[in-house]
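Please read the structure below before turning to the comments.
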Amino acid sequence: MKYNEYKQSVTELGKQAGEQILAYWKANAVFQKSVESRPADRPFVFYEGPPSANGTPGIHHVMARTIKDIFCRYKTLKGFRVERKGGWDTHGLPVELQVEKELGITKEDIGKKISIADYNQKCREAVMKYKAQWDDLTERIGFWVDLENPYITFDNNYIESCWWLLKQLHAKDLLYKGYTIQPFSPAAGTGLSSHELNQPGTYKNVKDTSVIAQFKVKGSDNDYLLAWTTTPWTLPSNTALAVGKDITYVKVKTHNQYTKQPVNIIFAKERMGYVLGGNYINRNDFVEGKHSGKIPYVITEEFRGEELIGLQYEQLLPFVQPHENLQNAFKVYAGDFVTTEEGSGIVHISPTFGADDARLGKQNNVPALLVADEHGHYQPTVDKKGKFVRQIGTHLAELTQQYGIKTHKPLGADDFYVKNYTGEDESHPDYKSTDVIISIILKEQNKAFKVEKYEHTYPHCWRTDKPVLYYPMESWFIRTTALKDRLVALNKTINWKPESTGTGRFGNWLENLVDWNLSRSRYWGTPLPIWRTEDGTEEICIGSTEEMAAEIAKANEKLGLQQPTSLADLHRPYVDEVILVSASGKPMKREPDLIDVWFDSGAMPYAQWHYPFENANLIDQHKTFPADFISEGVDQTRGWFFTLHTIAGLVFDSIAFKNVVSTGLVLDANGNKMSKRLGNVINPFETVEKYGPDAVRWYMIANAAPWENLKFSLDGLAEMQRKFFGTLQNTYNFFALYANLDGFRYQEADVPLAERTESDRWILSRLNAIIKETDEAYADYDPTRAARAILNFVNDDLSNWYVRLNRKRFWKGEYNTDKLAAYQTLYTCLVTVAKLASPIAPFYTDMLFRDLNNITGKENAESVHLAYYPTFNEAESNIALEEKMHLAQTICSLVHSIRKDKKLRVRLPLQKMMIPALSETFQNYVREVSDLIMSETNVKNIEFIGDTEGLVTKKIKPNFPVLAQKGLGKQMKAIQAHLGQMQTADIIAFQKAGQMSVAADGGNLTLALEDVLIEAFDIPGWASATDEGITVALDITVTPELRKEGIARDLVNRIQNLRKDLNFEVQDKISIAIAAGEALVADAAKDFADYIQTETQAVALNISNDLNGTEAYEIDEFMVPIRIAKA
RNA sequence: GGGCUUGUAGCUCAGGUGGUUAGAGCGCUACACUGAUAAUGUAGAGGUCCGUGGUUCGAGUCCACGCAGGCCCA
1 MKYNEYKQSV TELGKQAGEQ ILAYWKANAV FQKSVESRPA DRPFVFYEGP PSANGTPGIH
61 HVMARTIKDI FCRYKTLKGF RVERKGGWDT HGLPVELQVE KELGITKEDI GKKISIADYN
121 QKCREAVMKY KAQWDDLTER IGFWVDLENP YITFDNNYIE SCWWLLKQLH AKDLLYKGYT
181 IQPFSPAAGT GLSSHELNQP GTYKNVKDTS VIAQFKVKGS DNDYLLAWTT TPWTLPSNTA
241 LAVGKDITYV KVKTHNQYTK QPVNIIFAKE RMGYVLGGNY INRNDFVEGK HSGKIPYVIT
301 EEFRGEELIG LQYEQLLPFV QPHENLQNAF KVYAGDFVTT EEGSGIVHIS PTFGADDARL
361 GKQNNVPALL VADEHGHYQP TVDKKGKFVR QIGTHLAELT QQYGIKTHKP LGADDFYVKN
421 YTGEDESHPD YKSTDVIISI ILKEQNKAFK VEKYEHTYPH CWRTDKPVLY YPMESWFIRT
481 TALKDRLVAL NKTINWKPES TGTGRFGNWL ENLVDWNLSR SRYWGTPLPI WRTEDGTEEI
541 CIGSTEEMAA EIAKANEKLG LQQPTSLADL HRPYVDEVIL VSASGKPMKR EPDLIDVWFD
601 SGAMPYAQWH YPFENANLID QHKTFPADFI SEGVDQTRGW FFTLHTIAGL VFDSIAFKNV
661 VSTGLVLDAN GNKMSKRLGN VINPFETVEK YGPDAVRWYM IANAAPWENL KFSLDGLAEM
721 QRKFFGTLQN TYNFFALYAN LDGFRYQEAD VPLAERTESD RWILSRLNAI IKETDEAYAD
781 YDPTRAARAI LNFVNDDLSN WYVRLNRKRF WKGEYNTDKL AAYQTLYTCL VTVAKLASPI
841 APFYTDMLFR DLNNITGKEN AESVHLAYYP TFNEAESNIA LEEKMHLAQT ICSLVHSIRK
901 DKKLRVRLPL QKMMIPALSE TFQNYVREVS DLIMSETNVK NIEFIGDTEG LVTKKIKPNF
961 PVLAQKGLGK QMKAIQAHLG QMQTADIIAF QKAGQMSVAA DGGNLTLALE DVLIEAFDIP
1021 GWASATDEGI TVALDITVTP ELRKEGIARD LVNRIQNLRK DLNFEVQDKI SIAIAAGEAL
1081 VADAAKDFAD YIQTETQAVA LNISNDLNGT EAYEIDEFMV PIRIAKA
């Protein structure tokens, strides 16, 4: 049995790992074992936020799923049992729109051209259209989740759990029916979702008639409040005005430009330019003749908006009176939405047709202006076709006639549409919109101060292209505001990553919570389980199929019906057909709405287990509730995060999740959003196919924190693959090559730590440091910190330092304790790295782990994912050693830099280097790693120079933090000045004395050695270099002996190259022939024959005159023919 | 308009509690190394730390106001 050795590129290997390890997991049920091998009483609860499978997955899904997977795997390594149930979100508008598009129908056709039953069947099929692709990607990127038994939101059982939850809310009086102002398309006869409103091209620039209307203050002669509107058709339903409390208003005396009547007008001071623009001029500037045609004005009063609050005014167009709360109508209120950006700074309020308006109305009990229809039900002044009701239309028709307004056709009471929904010919010279007609009437009645065209953007229906109407619609709400404080308090117990999303984005949202509008007027979704009598006085909320069966039976009996008591499908239209009976014996019909799909997903903690009808103990005994961990995109803050939190809070008075990672967006390499239009979409399948799954996962995690946006670049991915996986693989290959030759199988006892080399103990200390660091990072849900720590360890510590320095130990000499220690140390590093990195790169690390463990059998685990997380070993941690090694690295780097400067190749040995002895500790540290420094730099001796030699220039500067702590901040300038002028001799004197006195403000102060930092700066007359306060000087005298030794090393190097070029095996013995031509080279070869032969495994070395025609190689400054042959 | 967030080298990113020479990797330039070799090492060039004010002996770091990008909401 030998360790696998790999020749292929790192990319090939990544792909290979992705395929082979996946197959291995499947064949050996590793996922299942990773769950079942952990004790059931140590659960770590994870919730999978259900994706919708009606579209293909994107690269950002790889990101989201990687994050989820990492922590589940980590917790498994830590010994937790992590069950992961998959799930699918199946209801909702996107599915419906997709089906409509496929069938070429609109919402109006449903129930006409296609039955609801058939339509919903289409939705049911469409929603799982791409399930196979999703499953494939999930599997290929190694996201371990149970795909065999997922929860599916359209299942009857799932719906039944949702109903149960709704019933709990209903019982707590948290479910109610109310009004909400929603975008509505009269032309299409349907409400519009925000999704539909966000369709491109929906918002258009239009020119509307805007009016500054004059609202006469009650009891005054001619004081008027000016309110501006771009929708004059809403003026007949005006019931209030809003002002800004802190805005400054003025009263201005002038004349109305249309009627010439004197008026005192009130509006925001900042809006004078707009209100009085054009035809008006300040009376002080008025010059007769020069300003003919202009109307003079004068400001008579100035006051804050607060003073206007409560003021009463006369109804502007008194066609109809409000039917309730009349005492609150036609008054001035404060509105936080009032600005001085446009209009007059006073806002016209019509609670029926504006969201702000409705809110203000609700808060202050201001009535909406409604009119009774033929059934006595109160309705808005405009019907759903966009037409004024007769009560208004009659008046408008009369006034049109009275003022002789010319129109393109005679207008009756039923002809006043608020926008041109009937397709009238607008090019007709006498065509006038209802807005214009209302404006003319206002002008005639001295109620309009200014009328003009106003260009703005306004939303239009994406299907009919007609303007949208904001219209009051009946809706069901969850009274979330009732428990707002509790929801806020519960949120504070949740650990959010990043924290700001929890306190800011989510916390603020909770603080400003409004009731959750649950109603959706659609077909494919969870039906609202509420049945009502026609007059709405009696209702029932059904909480289970059993309850429904009982109620149906009751209805059948009381109403003499023949309804089946159980439904095969709880969707529309089947539930719609169910008639129930009220307590008083009246028939009850289901409220036709569906519920918001977000309720479905928010219900998953319970509904995925069909709670409480099955598995009740899972929730009741808190076995799977609340979740320990969830993760989704930050865009889910008001989506899934909110609904999970709200349902748990309202129904169970609990949080739904303890830790949540909200992930950022995946953008293209330039930071743009990926979109089909820009053609910058990264295909996840192709990417994983090309680079293998681990590189993609690793890159996403190591490159940026999960909650930051990720600029996804394929170059960056390739770089990360080379850097991390390439280096790790090289290191493993190195190990495997020699371990196979030496037959190392880790059968021997561990070499005691004390018997291992400095570098062994150093790398083990570093290894322990990252065990600790990664463990903390994972536990803190910060995978990026873990990935970067591992990356730096593998690259800098393990590969570029440990392996490079210790290469010879592996290929030279006997299989002795030292060699064994080297193997054991490197093995330990590799197998530990495999474990630490396995949550992020599950495939490659499993291959690495198994390649190692299959030979040694050290661990009883058939996969790295069944192993346990390494534990920090205090005994192996050695901070002092790590510092020493850092010192060695710095010194080597300095020597290299001098060598480079003086053009002295490393193979040329040098006699000595000198290092200023800054302190006893420093000197000892360097001494302990001196062998290492000497072999790495090829310098024969290290000498320390003390102060006595007077060779070193020293530099001194304040130790700022120390001085600041002593409260000497103010004296810093003086101290700095004093230290700046000190010479080396002064510094040495100070070092000897241990303290000195410095003149400062308010007397002398005494500095100790700890208050300053002293550095060796330079060694005059020597080739030296300085970094991090350490200076190294190099003796660059090249003696003939040294030169010969350098030549000998060159020879070894050339011969080794030759061996390789000739494809000799590492263990082949050779004979060498070197040309005698150059005396110096021949001498060197003779003097160092033993050395050369040992290094190159040569049994013979001849100096020959007979090498004509043999290729020559550059040695020192000579060209020397060399020939080798197998012995 | 509101909430949150980001802005440091050509690119991707580090820079606890303020400490005076702001770092890494990639890329670029040059050199070296060559029994890990489709590797590796060393050095160099490259920064008004988004701007403006303020606090401080001292600000990339703290405060205020802006600017630009992003997300969510109106």
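412 is the number that the working numbering gives to position 412 of the first sequence; each next residue is one higher, with no gaps. Ideal Cβ positions, reconstructed from N, Cα and C, are used throughout, including at glycine. Being a predicted model, the structure only gives us computed values, none of them experimental.
Going by C-alpha to C-alpha distance, which of the options sits closest to residue i?
i, options, result
"Gly946", "Thr1031, Asn853, Gly633 and Ser935", "Thr1031"
"Thr526", "Trp496, Leu510 and Ala607", "Ala607"
"Thr1215", "Ile266, Leu644 and Ala372", "This structure cannot speak to residue 1215, because the chain is shown only from 1 to 1127."
"Ser877", "Pro684, Ala268, Phe31 and Ser759", "Ser759"
"Thr464", "Phe744, Leu192, Asn157 and Arg756", "Leu192"
"Ile942", "Gln981, Lys902, Ile915 and Asp742", "Ile915"
"Leu753", "Trp811, Lys204 and Ile763", "Ile763"
"Glu1095", "Asp1116, Gly813, Glu1117 and Lys903", "Gly813"
"Tyr151", "Ser52, Leu1062, Thr340 and Ala867", "Ser52"
"Met982", "Lys966, Glu1015, Pro961 and Gly1003", "Glu1015"
Would you give the residue range spanned by the beta strand (DSSP E) that residue i belongs to?
i, result
"Ala23", "Unbroken run through Ala23 is the alpha helix (DSSP H), Val10 to Asn28; no beta strand (DSSP E)."
"Met272", "Note, Met272: premise wrong, no beta strand (DSSP E); alpha helix (DSSP H) at Met272 to Val275."
"Ser997", "Gln995 to Ala1000"
"Pro1121", "Phe1118 to Lys1126"
"Tyr471", "Leu469 to Ile478"
What's the gap between the Cα of residue i and the Cα of residue j?
i, j, result
"Tyr844", "Tyr470", "57 angstroms"
"Tyr574", "Asp600", "19 angstroms"
"Gly423", "Lys384", "16 angstroms"
"Val794", "Pro706", "22 angstroms"
"Val10", "Asp41", "41 angstroms"
"Arg907", "Val864", "43 angstroms"
"Arg807", "Ala1100", "25 angstroms"
"Asn282", "Ile212", "20 angstroms"
"Gly335", "Ala583", "44 angstroms"
"Phe657", "Pro958", "51 angstroms"
"His368", "Tyr297", "Going by the sequence as given, residue 368 is Ala instead of His. Near 36 angstroms, if we compare the C-alpha coordinates of Tyr297 and Ala368."
"Asn1102", "Leu904", "29 angstroms"
"Ala117", "Asp89", "20 angstroms"
What residues in its chain sit with their C-beta under 6 angstroms from that of residue i, if we drop five residues either side in the sequence?
i, result
"Ala1000", "Gln971 and Ala974"
"Phe629", "Phe46, Phe71 and Asn659"
"Ala786", "Thr774, Ala777 and Tyr778"
Report all residues from its chain with a CB closer than 7 angstroms to the CB of residue i; omit the five preceding and five following residues, and keep chain order.
i, result
"Thr56", "Tyr130 and Gln133"
"Arg766", "Phe793, Asp797 and Glu882"
"Leu317", "Leu235 and Pro236"
Quick one: what's got a C-beta closer than 8 angstroms to residue i's C-beta in the same chain, skipping five residues either side?
i, result
"Tyr313", "Phe215, Lys216, Val217, Lys218, Leu225, Leu241, Phe330, Lys331 and Val332"
"Arg505", "Val634 and Thr637"
"Ala769", "Ser877 and Glu882"
Residue i lies in the alpha helix (DSSP H); which residues open and close that run?
i, result
"Lys68", "Ile59 to Leu77"
"Lys131", "Lys131 to Arg140"
"Glu689", "Pro684 to Tyr691"
"His170", "Asn156 to Ala171"
Run the proximity test for residue i: is its beta-carbon closer than 6 angstroms to any non-hydrogen atom belonging to the ligand GDP?
i, result
"Gly310", "The ligand GDP is absent from the structure shown, which contains no ligands of any kind."
Practice prompt. Run through the stretch 600-652 for me and flag every whole beta strand (DSSP E) of 3 or more residues, listed as ranges in chain order.
Written response: Within the stretch 600-652, the complete beta strand (DSSP E) runs of at least 3 residues are 627-633.
Worksheet item: Which runs of the beta strand (DSSP E) spanning at least 3 residues fall entirely within the stretch 922-974, listed in chain order?
Response: As far as the stretch 922-974 is concerned, its whole beta strand (DSSP E) runs of at least 3 residues are 939-945 and 953-958.
Discussion item. List, from N- to C-terminal side, the beta strand (DSSP E) runs of 3 residues or more that fit wholly inside the stretch 381-419.
Written reply: Whole beta strand (DSSP E) segments, 3+ residues: zero.
Practice prompt. Could I get the ranges of all uninterrupted alpha helix (DSSP H) runs contained in the stretch 823-911, with 4 residues as the minimum, in chain order?
Written response: Runs of the alpha helix (DSSP H) lying entirely within the stretch 823-911 and spanning at least 4 residues, in chain order: 842-856 and 879-901.
Item to complete: Please go through the stretch 263-350 and give each complete alpha helix (DSSP H) segment of 4 or more residues, from N-terminal end onward.
Response: Note on the stretch 263-350: whole alpha helix (DSSP H) runs with a minimum of 4 residues are 272-275, in chain order.
Worksheet item: Residue ranges of each alpha helix (DSSP H) run of no fewer than 4 residues wholly in the stretch 1057-1081, ordered along the chain?
Response: Segments of the alpha helix (DSSP H) lying fully in the stretch 1057-1081: there are none.
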